[in-house]
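Novice: The structure under discussion is supplied below as C-alpha cells; questions concerning it will follow.
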Amino acid sequence: MGWTEDVSAEQTGSYLTIKGPSGTIDLGTLVPECNYNLEVNAGQIIGFLEGKNPTLLFRFILGLGPLASGSIEFPAFKHLRAQDDFYLNLGLAQRDKGLLSNLSLQENIELPARYHNFRLGEMGPDELARKALRDIMIPEDLWHARPDHVNWEIRKRVLLARAVVCCPKIVLLEDPTDMFPWEKLSVLFGWIKMQKKEQRATLLCTQNIPFALAVCDAVWNADIQSLQTVDQYLLSQGPEWNTFIAQMRKQLEVSCVST
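Residue numbers (the numbering used here): 69 to 327.
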C-alpha cells in the first residue's frame, strides 16, 4: 500500500485523499489509532493542531516510507507518469532544516527548480526564485546573503519560499509559525492566503492554535478524529473563542494589507 493515482480530480477538485494510513519510518510510527480520514481539495487550507503525528503523516504523503495499512491517493496527479513530475507537485517546508550553508538565500530557493529543470512559461529558476523571495517579503539586500548571516525568521521565510518555487499543487508546512515573531505573523498569514489564491492545497501542523484557526478553512479535530470547518470547531470551544479568533483574523488581514 502507498500513494497511488486516481481518476477524478479534474471533475472534483480533489488533490489528496487520506484513508487511515499507518506505518513506521525512521522518524517514528504513525499508528492506526490516529485514523486520519480526509479529502483535501484545491485551494483548501487544513490545519493539524497536534504534535508529532501530522509530521509523520506528511512524510508518508511524500512517499518516504511504505504504508502498513490504509492509503494515500493523489487524484490530481492522474496524468503524471514520470516520478520527477509527481514530486514537483509536492512542496515541503520543514520546521528549521534544509538550507545549504554554502549557498545564498536565492540559490537555496533556486535549487529545486534547477534540479528538476523547472520553468513556468518564460520564467526560469532565477526568476521563479526572485518571485518567491518577493512573495514572502524578504528584503532584496539579503537575497545574496548566506543563511548563517541572517536571523532565524528570514531563514524560515526562505524555507517557505523554497517549498513553492516549483509551483506544487500541494504544500506541506511543518510548524510554520515557529520563529515568526508575533508582530510578523501577518506576513505568514498573507503568504498562506496567497497559496490559496493560487489554488494550492495547503496542509500545516502547528501548536499555535489561534493562528491556525484564523488562517485555515478546516482543522483536524483529533478528539473526535474528524475534519471540521473552523466554524464547526469553534462551536465546541465556546463563544469567547469565536470572538477572539474573529478579532485575530481581522487584525491579521488588516496588518497584511498595510504591510
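From the three backbone atoms N, C-alpha and C, an ideal C-beta is built for every residue, glycine too.
May I ask you to report which of helix, strand or coil DSSP gives W71?
Specialist: The residue labelled residue 71 in the question sits at position 3 within the sequence shown. Reliability of the predicted coordinates at W71 is poor, the pLDDT of 33 falling under 50, and the value obtained from them is presented with this limitation in mind. Strand at W71.
Novice: Please classify C284: does DSSP put it in a helix, a strand, or coil?
Specialist: Position 216 of the sequence shown, counting from 1, holds the residue named residue 284. Here C284 sits in coil by DSSP.
Novice: Please state if the CB of G133 and the CB of N109 are separated by a distance shorter than 8 Å.
Specialist: The residue labelled residue 109 in the question sits at position 41 within the sequence shown. The residue labelled residue 133 in the question sits at position 65 within the sequence shown. No, these two residues do not count as a Cβ contact at 8 Å.
Novice: For L275, which three-state DSSP category applies?
Specialist: Within the sequence shown, numbered from 1, the residue matching residue 275 stands at position 207. Sequence check: residue 275 is Gln here, not Leu. Coil, per DSSP.
Novice: Determine the extent of the beta strand (DSSP E) in which E178 is found, giving its start and end residues.
Specialist: On the sequence shown, position 110 is the one that residue 178 refers to. From DSSP, E178 is part of no beta strand (DSSP E) but of the alpha helix (DSSP H) over L173 to Y183.
Novice: Going by alpha carbons, who is nearest to S323 out of L253, M262 and Q296?
Specialist: Residue mapping note: residue 323 aligns to position 255 of the sequence shown, counting from 1. It is L253 whose Cα lies nearest to the Cα of S323.
Novice: If you check the beta carbons only, do L123 and C273 fall under 8 Å apart?
Specialist: One-based indexing of the sequence shown puts residue 123 at position 55. One-based indexing of the sequence shown puts residue 273 at position 205. Sequence inspection shows Thr at residue 123; the Leu mentioned does not correspond to that position. Contact: yes.
Novice: Less than 8 Å between the beta carbons of L196 and V233, yes or no?
Specialist: Position 128 of the sequence shown, counted from the first residue, corresponds to residue 196. Position 165 of the sequence shown, counted from the first residue, corresponds to residue 233. Their beta carbons are under 8 Å apart, which means L196 touches V233 by this criterion.
Novice: How far does the beta strand (DSSP E) with K87 in it extend, from its first residue to its last?
Specialist: Locating residue 87 in the sequence shown gives position 19, counting from the first residue. K87 -> beta strand (DSSP E) spans S82 to I93.
Novice: Give the secondary structure of T245 by DSSP, where H, G and I count as helix, E and B as strand, and everything else as coil.
Specialist: For the purposes of this step, residue 245 is taken as residue 177 along the sequence shown, with counting starting at 1. If DSSP states are grouped into helix, strand and coil, T245 belongs with coil.
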